[in-house]
Amino acid sequence: MSQKETQADNAKESTTNLILPEIAAMGKNRLEEFATIQTEQLDKLQEMNRSWFERVQSEATLASEFAAKLTAARSIPEVATAYQEWATQHMEMAAEDAKRIFADGQKLAETGARLLSSGWQPNGRGLST
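Here it is in structure tokens:
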């Protein structure tokens, strides 16, 4: 092997040795960013889960109270009043549900947009591949 070839190989190897740690650091940073965003997404999902569980419990409480009022009702007007109160509360809860669904979807979309804007693609490859 000539001296020129040896020097070229050494230069190539030293360049490779300089680039590899930089690439590894960039990859590590991207993976850490991905893990952070995934953790945020999971936290948001857990918060939404708790919120919806509380909503289901409040629906069960409302139904239980309605059943108790119907059982205690002694006349048609009392039944009508109980039904009207239940329907009003149920409609208010449905309106709150719609707002919550929109807000929850927006939270998830924001985190997903951050994930995509940082270069993570659904096909598992970054923007550079």
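Take the sequence shown: its letters are residues -17 to 111, numbered as in this note's numbering.
All C-beta atoms, glycine included, are put in the ideal place defined by N, C-alpha and C.
Being a predicted model, the structure only gives us computed values, none of them experimental.
Within 10 angstroms of the Cβ of A17, are there 16 or more other Cβ atoms? Answer buried if so, exposed if not. exposed
Kindly indicate the opening and closing residues of the alpha helix (DSSP H) around S99. I58 to S99
Figure out for me which residue from R56, V61, A42 and G87 has the closest Cα to the Cα of M75. A42
Quick one: what's got a C-beta closer than 7 Å to D86's C-beta in the same chain, skipping five residues either side? M30
Could you check whether the segment 63 to 83 touches the segment 42 to 51, counting it as contact only if at least three pairs of C-beta atoms, one from each stretch, sit closer than 8 Å? yes
Alpha carbon of A55 to alpha carbon of K89, nearest angstrom: 44 Å
Would DSSP call A55 helix, strand or coil? coil
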